[in-house]
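Asker: Have a look at this one.
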Amino acid sequence: MCLAIPAKVVSLKEDRACVDFGEGVLREVNVALVNVKIGDYVLVHAGYAIQVLDEEEALETLRLWNELLEAEVRTRQ
Numbered sequence: 012m013c014l015a016i017p018a019k020v021v022s023l024k025e026d027r028a029c030v031d032f033g034e035g036v037l038r039e040v041n042v043a044l045v046n047v048k049i050g051d052y053v054l055v056h057a058g059y060a061i062q063v064l065d066e067e068e069a070l071e072t073l074r075l076w077n078e079l080l081e082a083e084v085r086t087r088q
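For what it's worth, the numbering used here labels the leading residue of the sequence shown as 12, then goes sequentially.
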């Protein structure tokens with residue numbers, strides 16, 4: 012199964028961007044496949060931004076991911 016995670020673009024340099032996955036988790040990704048600007052949310056898979064998301068959709072997806080992760084933690088306790 013492949014996963015793509017939303018992240019916020021915090022800086023850009025040519026076809027590379029520093030993105031924030033939340034809680035200060037920053038990574039560099041390739042943005043050559045999408046047209047982005049600082050502040051945009053992108054869907055990241057395997058180090059590539061594959062789609063630009065609107066902020067509401069990105070935040071809802073992140074909320075659902077966090078809910079799933081919290082449920083997983085509770086079941087392991």
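In this text, a Cβ means the ideal position worked out from N, Cα and C, and glycines have one as well. This one's a predicted model, so the numbers in the text were calculated from it and none came from an experiment.
(1) Which one or two residues does DSSP pair with residue 64 in a beta bridge?
(2) So for residue 84, helix, strand or coil by DSSP?
(3) What separation, rounded to the nearest whole angstrom, lies between the Cα atoms of residue 61 and residue 81?
(4) Please report the distance separating the alpha-carbon of residue 10 from that of residue 20.
(5) What's the gap between the Cα of residue 45 and the Cα of residue 86?
Answerer: Reading from the atomic positions:
(1) 52
(2) helix
(3) 26 Å
(4) Past the boundaries of the shown model lies residue 10; the chain is included only from 12 to 88, so the question cannot be answered.
(5) 38 Å
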